[in-house]
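Written out below as structure tokens is the structure these notes cover.
Residue numbers (the numbering used here): 1455 to 1771.
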């Protein structure tokens, strides 16, 4: 479920400028943004290319493009590594989901899977994770090629790049709780799932991510980090502008990269890029000195979202 599918509002024009926080800067904000852009997008070190997609929603039949299901839809290879940043389909459709994963593990050298909320539709969180575990035991190519980033870390060989990934459940605000409980399908489609469970997972995810970044900073400070999550790391510029202040915003986004919260993270300077999904909004912006990228296909009935989706989007980190 996305903002647009809940509200059915016409999407506003996307803002192209990026935003960056600065504590005591006397420089114009536009210049600060430019300096961040130059320093982070023109690295002096050898980069690793990663292809990024999310929110394919293969679980939903597409009456317009009937060849877009699990067994038909194929992401063309444009580099060795593929990140699937959640909501690819549902683990409840086990054989179909396996078919899609196996095919892409044959195409790419490594496939990184972040779990979205839709992965658990029609089952419980525990049931979905058990299904995923069973796929590894039955399919040798998955055990060799697939990396599940469920609070997971992967160090790219012969490089200084580390990818850290988790769902990063958002923190649902108390004042938005009733509205979100009533309108978000997660609490009807995921067995036994509650707002309290959602917020508890947020606390675990964010603590794990913060600790993982801090550990790398203390033990391998010469590394650089790519973060991959499903939920968005900011309320700003990660969704359609008309949804930034909606009554459902805290079900989709977390304000990690905004203001003082991010400044307090030890090792944040090692985080060069952050990819996400969930909001059905494609973007490439600078937030808190981090390049934030999403490439979301969305539902078949969201044509304006699909206009921005690129099968060949490659991020150099």
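From the three backbone atoms N, C-alpha and C, an ideal C-beta is built for every residue, glycine too.
From this set, 1600, 1542, 1586 and 1499, which residue's C-alpha is nearest residue 1534's C-alpha? Locating residue 1534 in the chain shown gives position 80, counting from the first residue. Per the Cα distances, 1600.
Once the 5 residues before and after residue 1625 are set aside, which same chain residues still bring their CB inside 7 Å of it? Counting from one through the chain shown, the residue named residue 1625 turns up at place 171. If we look at residue 1625 and ignore the five residues flanking it on each side, its Cβ neighbours are 1653, 1656, 1704 and 1708.
Are at least three pairs of beta-carbons, each pair with one atom in the region 1635-1648 and one in the region 1574-1582, less than 8 Å apart? yes
Report all residues from its chain with a CB closer than 6 Å to the CB of residue 1538; omit the five preceding and five following residues, and keep chain order. As a working mapping, residue 1538 is identified with position 84 in the chain shown. Excluding positions up to five away in sequence, the list reads 1567.
Any non-hydrogen atom of the ligand GTP within 6 Å of residue 1757 CB: In the structure shown, the ligand GTP is absent, as is every other ligand, since no ligand is present at all.
Enumerate in chain order the residues of its own chain whose CB-to-CB distance from residue 1578 is below 7 Å, with the five nearest sequence positions on each side excluded. Counted from its first residue, the chain shown places residue 1578 at position 124. The answer, listed in chain order, is 1644, 1645 and 1646.
The beta strand (DSSP E) spanning residue 1505 covers which residue range? Position 51 of the chain shown, counting from 1, holds the residue named residue 1505. Run containing residue 1505: 1503-1507, per the beta strand (DSSP E) assignment.
Nearest by alpha-carbon distance to residue 1616: which of 1565, 1606 and 1679 is it? For the purposes of this step, residue 1616 is taken as the residue at position 162 of the chain shown. With distances taken between Cα atoms, residue 1616 lies closest to 1679.
Out of 1592, 1619, 1593 and 1514, which has the shortest C-alpha to C-alpha gap to residue 1603? In the chain shown, the residue the question calls residue 1603 occupies position 149. Minimum Cα distance to residue 1603 is reached at 1619.
In chain order, what residues of the same chain have a beta carbon less than 8 Å from the beta carbon of residue 1529, not counting five sequence neighbours either side? On the chain shown, residue 1529 is found 75 positions in, with the first residue counted as 1. 1505, 1507, 1536, 1558, 1561 and 1765.
Can you grab the Cα-Cα spacing for the pair residue 1476 / residue 1721, in whole Å? Position 22 of the chain shown, counted from the start, is the residue given in the question as residue 1476. Position 267 of the chain shown, counted from the start, is the residue given in the question as residue 1721. Caution is warranted here: a pLDDT of 39 is assigned to residue 1476, below 50, making its placement in the model unreliable, and no coordinate value can be reported.
Along the beta strand (DSSP E) that carries residue 1642, what are the first and last residues, could you check? Your numbering for residue 1642 matches position 188 in the chain shown. Segment 1640-1643 is the alpha helix (DSSP H) holding residue 1642; no beta strand (DSSP E) there.
Of the choices 1498, 1661, 1686 and 1739, whose alpha-carbon is the least far from that of residue 1570? Sequence index remark: in the chain shown, residue 1570 carries index 116 (1-based). Among 1498, 1661, 1686 and 1739, the Cα nearest to that of residue 1570 belongs to 1686.
In angstroms with no decimal places, state the Cα-to-Cα distance between residue 1547 and residue 1513. Along the chain shown, read from residue 1 onward, the residue named residue 1547 stands at position 93. Along the chain shown, read from residue 1 onward, the residue named residue 1513 stands at position 59. Residue 1547 and residue 1513: Cα-Cα distance of roughly 8 Å.
Under 6 Å Cβ to Cβ from residue 1522, same chain only, skipping five residues before and after it: list those, please. Along the chain shown, one-based indexing puts residue 1522 at 68. Excluding residues within five positions, the ones whose Cβ falls inside 6 Å are 1516.
How close, in whole Å, do the beta carbons of residue 1540 and residue 1697 come, if the pair is a contact with beta carbons under 8 Å? Along the chain shown, one-based indexing puts residue 1540 at 86. Along the chain shown, one-based indexing puts residue 1697 at 243. Not quite, the Cβ-Cβ distance comes to about 18 Å (not below 8 Å), so this is no contact.
Starting from residue 1619, follow its DSSP beta bridges and name the residues at the other end. Sequence index remark: in the chain shown, residue 1619 carries index 165 (1-based). DSSP, once it has assigned bridges, lists 1606 and 1682 as partnering residue 1619.
Where residue 1503 and residue 1741 are concerned, what is the direct C-alpha to C-alpha distance, given to the nearest angstrom? Here the question's residue 1503 lines up with position 49 in the chain shown. Here the question's residue 1741 lines up with position 287 in the chain shown. Roughly 21 Å between the two C-alpha positions.
C-beta contact flag for residue 1786 and residue 1622 at 7 Å: Because residue 1786 is not part of the residues shown, which for the chain are 1455 to 1771, the question remains open.
Going by alpha carbons, who is nearest to residue 1762 out of 1734, 1648 and 1668? Locating residue 1762 in the chain shown gives position 308, counting from the first residue. Of 1734, 1648 and 1668, the residue nearest in Cα terms is 1734.
In chain order, what residues of the same chain lie with their CB nearer than 7 Å to the CB of residue 1715, ignoring the 5 residues before and after it? Start at 1 with the first residue of the chain shown, and residue 1715 comes out as number 261. Excluding positions up to five away in sequence, the list reads 1709.
Who pairs with residue 1707 in a beta bridge, going by DSSP? The count along the chain shown starts at 1 and reaches residue 1707 at position 253. DSSP output for residue 1707 lists 1686 as bridge partner(s).
I'd like to check one pair, residue 1738 with residue 1729: are the Cβ atoms closer than 7 Å? Taking the chain shown and counting its residues from 1, the one referred to as residue 1729 is at position 275. Taking the chain shown and counting its residues from 1, the one referred to as residue 1738 is at position 284. Against a cut-off of 7 Å, the Cβ pair of residue 1738 and residue 1729 comes out as no contact.
Is it right to say residue 1756 is buried, meaning 16 or more other beta carbons lie within 10 angstroms of its own, or is it exposed? Residue 1756 sits at position 302 when you count from the first residue of the chain shown. By the neighbour-count rule (16 or more Cβ atoms within 10 Å), residue 1756 is buried.
For residue 1727, which residues does DSSP report across the bridge? Along the chain shown, one-based indexing puts residue 1727 at 273. Answer is 1680 and 1745.
Can you tell which of 1611, 1636 and 1598 has its C-alpha closest to the C-alpha of residue 1565? Along the chain shown, read from residue 1 onward, the residue named residue 1565 stands at position 111. Answer by Cα proximity: 1598.
Helix, strand or coil for residue 1514 per DSSP? Here residue 1514 corresponds to residue number 60 of the chain shown, with the count starting at 1. It is coil, neither helix nor strand.
At the level of alpha carbons, what is the spacing between residue 1627 and residue 1668? Here residue 1627 refers to the residue found at position 173 of the chain shown. Here residue 1668 refers to the residue found at position 214 of the chain shown. Near 27 Å, if we compare the C-alpha coordinates of residue 1668 and residue 1627.
Secondary structure at residue 1737, three-state DSSP: helix, strand or coil? For this step, residue 1737 is matched to residue 283 along the chain shown. Three-state result, residue 1737: strand.
In the DSSP assignment, find the alpha helix (DSSP H) that holds residue 1551 and state where it starts and stops. Locating residue 1551 in the chain shown gives position 97, counting from the first residue. Note, residue 1551: alpha helix (DSSP H), 1548-1561.
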